Amino acid sequence: MPIDGLMLHCLRKELSALVGARVDRVTQPERDEIVLYLFFRKNVRLLLSANASRPRVQLTETPRENPAQAPNFSMLLRKHLVGSKLLGVDQPGLERTLIFRFECRTDLHDIVEKRLIVEIMGRCSNIILTDAEGKIYDSIKQVDFSASSKRQILPGLFYELPPSQGKQLLRKEMAFPWGQKETVESWVTSHIEGLSPLVSRELAYRSTGSCDVSFDQISEEQKTAFWAFWSEICHCAEDQICFPQTVTTDRLRDVYCLDIFQYGHSSQIQRFETLSKALDAFYLERDRTEHLRRTSADLQKLLTVLTGRLSRKISLQQGELEQCAQADVYRLYGDLILSNLFCFQGRETLVRLPDYTSDPVREIEIPLNPSLSPSRNAQLYYKKYKKAQTAKQVLAEQIRLAREELAYTESVRDALARANDGEDIEAIRRELAESGYLKKAAGKRPRKDPPIRWERYRSADGFLILSGRNNLQNDMLTLRVAEKWDLWFHVKNAPGSHTVLLTKGKTPSNLAMTQAAVIAATNSSVSEGKNVAVDYTEIRNVRKPAGTRPGMVVYETYRTAYVNPDRALCENLKF
Numbered sequence: 001m002p003i004d005g006l007m008l009h010c011l012r013k014e015l016s017a018l019v020g021a022r023v024d025r026v027t028q029p030e031r032d033e034i035v036l037y038l039f040f041r042k043n044v045r046l047l048l049s050a051n052a053s054r055p056r057v058q059l060t061e062t063p064r065e066n067p068a069q070a071p072n073f074s075m076l077l078r079k080h081l082v083g084s085k086l087l088g089v090d091q092p093g094l095e096r097t098l099i100f101r102f103e104c105r106t107d108l109h110d111i112v113e114k115r116l117i118v119e120i121m122g123r124c125s126n127i128i129l130t131d132a133e134g135k136i137y138d139s140i141k142q143v144d145f146s147a148s149s150k151r152q153i154l155p156g157l158f159y160e161l162p163p164s165q166g167k168q169l170l171r172k173e174m175a176f177p178w179g180q181k182e183t184v185e186s187w188v189t190s191h192i193e194g195l196s197p198l199v200s201r202e203l204a205y206r207s208t209g210s211c212d213v214s215f216d217q218i219s220e221e222q223k224t225a226f227w228a229f230w231s232e233i234c235h236c237a238e239d240q241i242c243f244p245q246t247v248t249t250d251r252l253r254d255v256y257c258l259d260i261f262q263y264g265h266s267s268q269i270q271r272f273e274t275l276s277k278a279l280d281a282f283y284l285e286r287d288r289t290e291h292l293r294r295t296s297a298d299l300q301k302l303l304t305v306l307t308g309r310l311s312r313k314i315s316l317q318q319g320e321l322e323q324c325a326q327a328d329v330y331r332l333y334g335d336l337i338l339s340n341l342f343c344f345q346g347r348e349t350l351v352r353l354p355d356y357t358s359d360p361v362r363e364i365e366i367p368l369n370p371s372l373s374p375s376r377n378a379q380l381y382y383k384k385y386k387k388a389q390t391a392k393q394v395l396a397e398q399i400r401l402a403r404e405e406l407a408y409t410e411s412v413r414d415a416l417a418r419a420n421d422g423e424d425i426e427a428i429r430r431e432l433a434e435s436g437y438l439k440k441a442a443g444k445r446p447r448k449d450p451p452i453r454w455e456r457y458r459s460a461d462g463f464l465i466l467s468g469r470n471n472l473q474n475d476m477l478t479l480r481v482a483e484k485w486d487l488w489f490h491v492k493n494a495p496g497s498h499t500v501l502l503t504k505g506k507t508p509s510n511l512a513m514t515q516a517a518v519i520a521a522t523n524s525s526v527s528e529g530k531n532v533a534v535d536y537t538e539i540r541n542v543r544k545p546a547g548t549r550p551g552m553v554v555y556e557t558y559r560t561a562y563v564n565p566d567r568a569l570c571e572n573l574k575f
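For the sequence shown, the numbering used here gives the first residue as 1, with consecutive numbering after it.
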């Protein structure tokens, strides 16, 4: 999600409302982030980030930890900016650069202007402090010719704007290359200032319903929709409209200042009062997801290794089992040799004997060991037969156990993929430790297990629906919490949560049963599918065989419903 010039323009307008605010404090919570604490009728935090993966400028309500030892750049900002007054926020055209102008006082109480320049350009993002003439005091990232051949950003030099890309200014009346084969996304992004690929794709989508279209594919009728959205973009640049929002599909995908419809009906749009609040929500969720990914990386690796190992093991054992299908042939060889001992003349390596068990009778070739007598050859084939029979039984049992273990690891992977916070990950870690896949943490076991947090839903007509967040919760919900007349739901032949519709002895409505099936399908590994099969039955028909792994149950009497997973519906029913 890059912040383009148009979005930065909307942010500039929002931040311009702070003109007159005074700087109370400066912190540098991260190596490439600065937080200015401003007072303007109330205390506000202004976040300036030059992080390569999430550069931005915004007001934030999320507190950030102040390091015990302040970095040099934050000390420099404190020296020059604490006590100063914000005079204005400027943006050159629709470039991804904001210039904060401050009124400061020198040690001799002279009034001077100083500037804090924030460049939002991916890995080249920077925060630079200069005087009114542009002389650089310092920057959060110093740049010399070894890092860039375009310009240097070093103390004592004069600041220069990033090199112009020669793009056209955004205007209502534009000459688009109608009839050419170049795509709308590539042409708009490369020729018009301030527009990112996101809004360029949206322009194509609003016109034709597809993001990947060229100008020669846009009909005369579709040009009407093209110009309508182009007018919205221009109005946004003229400070007339702004619709701060986040767009969510299976994950938090984008944040922008205009409506984004290109992700289809499956996406959810959440609107906010300001762009800063939208950015706060977006990055808070993104940072949470990234934190979960880091904390669960070892579990992901373990489960990936286990899944691959078990899949290879099952494949090899199935190959061996196919070889054991020769067992009956070995017995036939032994029987034919013993019933035709009179035909042997001694030390043959191959013998052809009639097989009277086949219809019609046919001759088959039987390899022999010439160093053994015919009867010993027959005994050798009987021995191979018994060995193959035993191997078939052992291999069948090992394959069954391996498949059960593979199903269990897949269910844990599914639960890990749906973990919402650190507590969910720790619960899965404890489950794997109790199952013997991880070493148990040293030290005493806590006196009390953490409280179980079911996923709780209320159907539209008032029935309570519970869903487990991991295999241990699934067992607890199905085997201990639910009553025998409650209804149990689970996606068919795939990992997923146990979902229970609590009936309290009442007959559940079709609506409640349908919504419970949708919840079960959504909280499963096939949540992105369509027309998903969900089995349901009364709890009395569900049992757990002795010795099976957590979350593994069997059921025989059941019905199957076919529903479409609906994450939005589940969020609405959750409480």
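A virtual CB, placed ideally from N, CA and C, is assigned to each residue, including glycine.
Note that this is a predicted model, so its numbers are computed, not measured.
Throw me the rounded Cβ distance for the residue i and residue j pair, which I believe falls under 8 Å.
| i | j | result |
| --- | --- | --- |
| residue 525 | residue 565 | Wrong, their Cβ atoms sit about 11 Å apart, outside the cutoff. |
| residue 100 | residue 116 | 4 Å |
| residue 395 | residue 324 | 7 Å |
| residue 486 | residue 539 | 5 Å |
| residue 584 | residue 475 | The structure shown does not extend to residue 584, since the chain is modelled only from 1 through 575, so no value can be given for it. |
| residue 584 | residue 158 | Look at the range of the chain in this structure, 1 to 575, and you will see that residue 584 is not part of it. |
| residue 388 | residue 326 | 6 Å |
Are residue i and residue j closer than 8 Å when you measure CB to CB?
| i | j | result |
| --- | --- | --- |
| residue 456 | residue 261 | no |
| residue 542 | residue 488 | yes |
| residue 185 | residue 201 | yes |
| residue 431 | residue 471 | yes |
| residue 255 | residue 269 | no |
| residue 338 | residue 375 | yes |
| residue 507 | residue 467 | no |
| residue 534 | residue 491 | yes |
| residue 127 | residue 139 | yes |
| residue 413 | residue 303 | yes |
| residue 46 | residue 59 | yes |
| residue 161 | residue 136 | no |
| residue 84 | residue 143 | no |
| residue 300 | residue 416 | yes |
| residue 20 | residue 40 | yes |
| residue 321 | residue 399 | yes |
| residue 169 | residue 93 | yes |
Could you spell out the range, first to last residue, of the beta strand (DSSP E) harbouring residue i?
| i | result |
| --- | --- |
| residue 97 | 97-105 |
| residue 114 | 111-119 |
| residue 34 | 33-39 |
| residue 536 | 532-538 |
| residue 577 | Absent from the structure is residue 577, since the part of the chain shown begins at 1 and ends at 575. |
| residue 126 | 126-131 |
| residue 560 | 559-563 |
Identify the continuous alpha helix (DSSP H) that holds residue i and give its terminal residues.
| i | result |
| --- | --- |
| residue 316 | 297-323 |
| residue 460 | Note, residue 460: premise wrong, no alpha helix (DSSP H); not H, not E. |
| residue 583 | For the chain, the structure presents residues 1 to 575; residue 583 sits outside this window and is missing. |
With a threshold of 6 Å on Cβ separation, who are the neighbours of residue i within its own chain once the five nearest residues in sequence on each side are excluded?
| i | result |
| --- | --- |
| residue 447 | The pLDDT assigned to residue 447 is 48, lower than 50, so where the model puts this residue is not dependable, and the model offers no usable value. |
| residue 313 | 402 |
| residue 15 | 89 |
| residue 87 | 101 and 103 |
| residue 424 | 469 |
| residue 3 | 56 and 120 |
| residue 362 | 355 |
| residue 150 | 163 |
Ordered along the chain, which non-local residues of its own chain (more than five positions away) have a Cβ less than 8 Å from that of residue i?
| i | result |
| --- | --- |
| residue 238 | none |
| residue 51 | 30, 32, 33 and 125 |
| residue 367 | 349 and 350 |
| residue 229 | 202, 203, 206 and 207 |
| residue 307 | 406, 409, 410 and 413 |
Any beta carbon from chain D within less than 8 Å of residue i's own beta carbon?
| i | result |
| --- | --- |
| residue 179 | In the displayed structure, chain D is absent; only one protein chain is listed. |
Counting only the same chain and skipping the five closest in sequence on each side, list residues whose C-beta sits under 7 Å from that of residue i.
| i | result |
| --- | --- |
| residue 74 | 26, 27, 28 and 34 |
| residue 278 | 244, 245, 246, 255 and 272 |
| residue 267 | 247, 248 and 249 |
| residue 257 | 6, 7, 10, 236, 242, 243, 244 and 275 |
| residue 197 | 185 and 189 |
| residue 213 | 183, 184 and 204 |
Quick check for students: name the residue ranges of the alpha helix (DSSP H) that lie wholly in the region 414-445, counting only runs of 4 or more. DSSP runs (the alpha helix (DSSP H)) wholly in the region 414-445: 422-434.
Sequence ranges, beta strand (DSSP E) only - wholly within the region 220-256, length at least 3: Whole beta strand (DSSP E) segments, 3+ residues: 245-248 and 252-256.
Report the residue ranges of all alpha helix (DSSP H) runs contained in full by the region 349-418; include only those spanning at least 4 residues, in chain order. Along the region 349-418, the alpha helix (DSSP H) occurs as fully enclosed runs of 4 or more residues at 374-417, listed in sequence order.
Would you list, in sequence order, the uninterrupted alpha helix (DSSP H) runs of no fewer than 4 residues that lie entirely inside the region 49-102? Look at the region 49-102 and you find these whole runs of alpha helix (DSSP H), each 4 residues long or longer: 72-81.
Within the region 2-28, note down every full beta strand (DSSP E) run reaching 3 residues or more, in order along the chain. Uninterrupted beta strand (DSSP E) stretches at least 3 residues long and entirely within the region 2-28 do not occur.
Quick one: complete beta strand (DSSP E) runs, 3+ long, within the region 133-208? If we require 3 residues or more, the beta strand (DSSP E) runs fully inside the region 133-208 come out as 136-139.
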